[in-house]
Amino acid sequence: MDLVGQLIALLGALVFLTAGIGIFRYRDVYGRMSAVATASGVGIVLVTIGVLLVNFEPGNIVKGIVAIILQLMTASIASIIIARSAINSDHPFSDDTDTEEMKPTQG
1 MDLVGQLIAL LGALVFLTAG IGIFRYRDVY GRMSAVATAS GVGIVLVTIG
51 VLLVNFEPGN IVKGIVAIIL QLMTASIASI IIARSAINSD HPFSDDTDTE
101 EMKPTQG
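By UniProt numbering, the letter at position 96 of the sequence shown is numbered 96, and the numbering carries on one by one without gaps.
Put into structure tokens, the structure is as follows:
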């Protein structure tokens, strides 16, 4: 069980590494926010599950499940708020971003 937990935690760390690379590679705040939101949602869940498998105790499992649920709820809300704040402050999109879907519909 220890080896499986360590591999899952390592996979979570790789998600964070990928997100860190994405922060430098994406050109605007929206892409960077997407990378961070993915890392906080998927990466923390994987690391937490890995730690729970290494320290498999009933008290730790309850704490881990609560931590995962709270992380998933707050990460999604935070990423939406950050993106909305960037849009409301007229932060520019990069040139290669397709913004057609965000234009208001005529009707």
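Ideal Cβ placement from N, Cα and C applies to all residues, glycine included. Computed from a prediction, not measured in an experiment: that's the story for all the values here.
Buried versus exposed call for residue i [16 or more other C-beta atoms within 10 Å across all chains shown]
i	result
G50	buried
I80	exposed
I8	buried
G43	buried
N- and C-terminal bounds of the alpha helix (DSSP H) containing residue i
i	result
G50	44-54
D96	Run containing D96: none; DSSP gives neither H nor E here.
S40	Run containing S40: none; DSSP gives neither H nor E here.
R84	58-88
D2	2-25
Top-ranked residue by Cα proximity to residue i, from the options
i	options	result
I23	L17, V45, L11, R32	R32
A37	L3, S76, A86	S76
Supposed contact pair residue j and residue i - C-beta distance, whole angstroms, cut 8 angstroms
i	j	result
V54	G5	4 angstroms
The segment 11-19 in contact with the segment 40-60 per 3-pair CB rule at 8 angstroms: With a cut-off of 8 angstroms, the segment 40-60 and the segment 11-19 count as touching, because enough Cβ pairs lie within range.
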